[in-house]
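Here's the structure, in structure tokens; my notes come after.
In the numbering used here, the protein residues as written are 1044 to 1185.
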């Protein structure tokens, strides 16, 4: 990542930090804000509920990714590619995941936990769970 993109991302997160001090950040449609993914400015579109603070290009790029939402700020803070983790947890496309805190509500944050993954590890002891799928060969025809 080059220095200019990093500088844009830092500016975007500082803007969000200032906005979060007064409560959840919900920009009005038509407001120019910085994208949380690439840092480029964009025009906020219409939304229902909580806004996804990313530009149209990033929205298309990350459309099939899972969204991580901070439970304190109630805003999307990250996108994760669908995949199977080493502990057996499967991140599904367009899944909503939650984190206990983010860099906006805790500026000194270095590590955050995705709550669903943490619950999975506690419930399954970190071991993989393999579920066999029924095939048409195993079923009797009626």
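All C-beta atoms, glycine included, are put in the ideal place defined by N, C-alpha and C. From a predicted model like this one, the values you see are computed outputs, not experimental measurements.
Any idea what DSSP makes of residue i, helix, strand or coil?
| i | result |
| --- | --- |
| residue 1157 | strand |
| residue 1132 | coil |
| residue 1166 | helix |
| residue 1122 | strand |
| residue 1100 | helix |
Expressed to the nearest angstrom, what Euclidean distance is found between the alpha-carbon atoms of residue i and residue j?
| i | j | result |
| --- | --- | --- |
| residue 1112 | residue 1159 | 11 angstroms |
| residue 1133 | residue 1110 | 14 angstroms |
| residue 1162 | residue 1127 | 16 angstroms |
| residue 1084 | residue 1071 | 15 angstroms |
| residue 1107 | residue 1139 | 11 angstroms |
| residue 1117 | residue 1096 | 12 angstroms |
| residue 1137 | residue 1089 | 20 angstroms |
| residue 1167 | residue 1135 | 18 angstroms |
| residue 1115 | residue 1144 | 6 angstroms |
| residue 1047 | residue 1082 | 9 angstroms |
| residue 1152 | residue 1073 | 31 angstroms |
Just mark residue i as buried or exposed, buried being the case when its beta carbon has 16 or more other beta carbons within 10 Å.
| i | result |
| --- | --- |
| residue 1156 | exposed |
| residue 1086 | exposed |
| residue 1142 | buried |
| residue 1094 | buried |
| residue 1119 | buried |
My understanding is that residue i touches residue j, with C-beta atoms under 8 angstroms, so please give their C-beta distance in whole angstroms.
| i | j | result |
| --- | --- | --- |
| residue 1130 | residue 1164 | 6 angstroms |
Under the criterion of a Cβ to heavy atom distance below 6 angstroms, does residue i qualify as lining the ligand NAP?
| i | result |
| --- | --- |
| residue 1103 | Within the structure as shown, the ligand NAP is missing, as the structure has no ligands at all. |
Taking 7 angstroms as the threshold (beta carbon to beta carbon), is residue i in contact with chain B?
| i | result |
| --- | --- |
| residue 1151 | Annotation note: the requested chain B is absent from the structure, which comprises a single protein chain. |
At least three beta-carbon pairs within less than 8 angstroms, the segment 1076 to 1083 to the segment 1093 to 1111: yes
Three or more C-beta pairs below 8 angstroms linking the segment 1144 to 1151 and the segment 1122 to 1135: no
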